[in-house]
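Following my numbering, the numbering of the sequence shown begins with 936 at its first residue and continues without gaps.
Yeah, the Cβ is synthetic: ideal placement off N, Cα and C, and Gly gets one too.
Keep in mind the model is a prediction, meaning the values are calculated, not measured.
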Amino acid sequence: MKRTLLIILLIPALLFSQGKLEKAKESLSESSETRNDRSTRTSRNNHQNSSDNNGFFYDFFIELGYYALYGTVIGQSEYRSLTPHPYYKNTFGEYLKGDSTNSKNSIFKISAIRHFNKRINGLEINANYRILPIFGLEASYIHFSERTIIGSDYLEVASLMANYYRIREKNISLWWGLGTSYVGNDVKKLGFAYNIGTEIYPFKPISLHVSWKQSFINNTSIDVFKTQIKYHIKNTALFTGYHEYQLGSEKNAGFILGAEYTF
């Protein structure tokens, strides 16, 4: 009798123990044809709340994107070469005017990031190959994990971006890019993505990174906003910051720790 009563009492908890990742996967899996009116209203409300929270940053990057695109179409820029790494010897940021013994035509960066959150943790791997000083390919992979009452849940997101580096000065780099993102696990969907970001070098050995990426998956999106402060030690950079993810209908934000190495 006691066992039966205990099971009855646990049923509501099990029924309403759906984790955030499961909700995120459900919203990312829904297409416009299968989404009902209630889900649409909920999604719009969540998107509106997210827009309110990120309105300042979104508008800021829209302006940056406008000027980056404007300069790409009609602007002119001087040739820049790449430094082996930020603050190399007597250099400052990523770029040098002209060629010198300290310059390179291409660089490769790889980074690992640990996400910290009360409910959802994440591990992120990024690789950036600057093929030319003005053009590069960037690949990223994020593994989210969540422990719920009924077990563990996971969500994986991978992206490949082609970036154009429009502003290339010793104190600042600014880029924008187009590409695609793939959501694995139960979603298994490929979508269009765009990004924009900047890296600022105010003084040695510090740099500041700010970026925004949006991937369109089915009838919703995955939005990523990143802020980082980096401490450079030769080819290595140690950094911390704050990353915010909007995974469909679910928001996941928290502090991060990471390391980056430049080849």
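Cβ-Cβ separation, H1020 to N1170 (assumed contact under 8 Å), whole Å: Between the beta-carbon of N1170 and that of H1020 there is about 5 Å, and that keeps the pair under the 8 Å contact cut.
K1124 CB to nearest heavy atom of the ligand GTP below 7 Å: The model on display carries no ligand, and the ligand GTP is accordingly not part of it.
Closest Cα partner of N1106 within the set I1077, T1026, Y1064: Ranking I1077, T1026, Y1064 by Cα distance to N1106 puts T1026 first.
Under 8 Å between C-beta atoms of P1223 and I1168: Within the shown structure, residues of the chain are numbered from 936 to 1198, placing residue 1223 beyond reach of any answer.
Top-ranked residue by Cα proximity to A1097, from K1123, Y1089, E1081, Y1129: Nearest of K1123, Y1089, E1081, Y1129 to A1097, Cα basis: Y1129.
E957 in three-state terms, based on DSSP: Three-state result, E957: helix.
Backbone secondary structure at S1094 - three-state DSSP: The answer is strand: DSSP assigns S1094 an E or B state.
Identity of the residue in S1080, K1053, F1043, A1047 nearest L1067 by Cα: The residue with the shortest Cα to Cα distance from L1067 is F1043.
Rounded straight-line distance, which links the Cα of N1120 to that of S962: Their Cα atoms are separated by approximately 13 Å.
For S1075, the three-state DSSP class (helix, strand or coil): Looking at S1075 - three-state DSSP - the assignment turns out to be strand.
S962, DSSP secondary structure in three states: Looking at S962 - three-state DSSP - the assignment turns out to be helix.
Chain-order list of residues whose beta-carbon lies under 7 Å from that of D972 (same chain, five-residue window excluded): Caution applies to D972, whose pLDDT of 48 falls short of 50 and renders its modelled position unreliable; the value that the coordinates give is listed next. Spatial neighbours of D972 in its own chain (CB-CB distance under 7 Å, excluding positions within 5 residues in sequence) are not present.
Helix, strand or coil at E1134 [DSSP, three-state]: If DSSP states are grouped into helix, strand and coil, E1134 belongs with the strands.
R1103, DSSP secondary structure in three states: For R1103, the three-state secondary structure derived from DSSP is strand.
Rounded separation between G954 and E1091 - CA only: Across the structure, G954 and E1091 are spaced so that their CA atoms are roughly 15 Å apart.
Between the CA atoms of N1037 and L1017 - distance to the nearest angstrom: Here the C-alpha atom of L1017 lies approximately 8 Å from the C-alpha atom of N1037.
Outcome for I1215 when other beta-carbon atoms lying within 10 angstroms are tallied against a minimum of 16: The chain is shown from 936 up to 1198; residue 1215 falls before or after that span and cannot be answered.
Reduced DSSP category for N1052 - H, G, I as helix; E, B as strand; rest coil: If DSSP states are grouped into helix, strand and coil, N1052 belongs with coil.
Pair within 8 Å by beta-carbon distance, Y1030 and S1108: Taking 8 Å as the Cβ cut-off, Y1030 and S1108 qualify as a contacting pair.
CB-CB length for Y1177 against T1162, believed under 8 Å: Contact between Y1177 and T1162 holds: their C-beta atoms lie close to 5 Å from each other, under 8 Å.
F1190 in three-state terms, based on DSSP: If DSSP states are grouped into helix, strand and coil, F1190 belongs with the strands.
S1150 versus I1069 - alpha carbon distance: Distance between the alpha carbons of S1150 and I1069 is about 23 Å.
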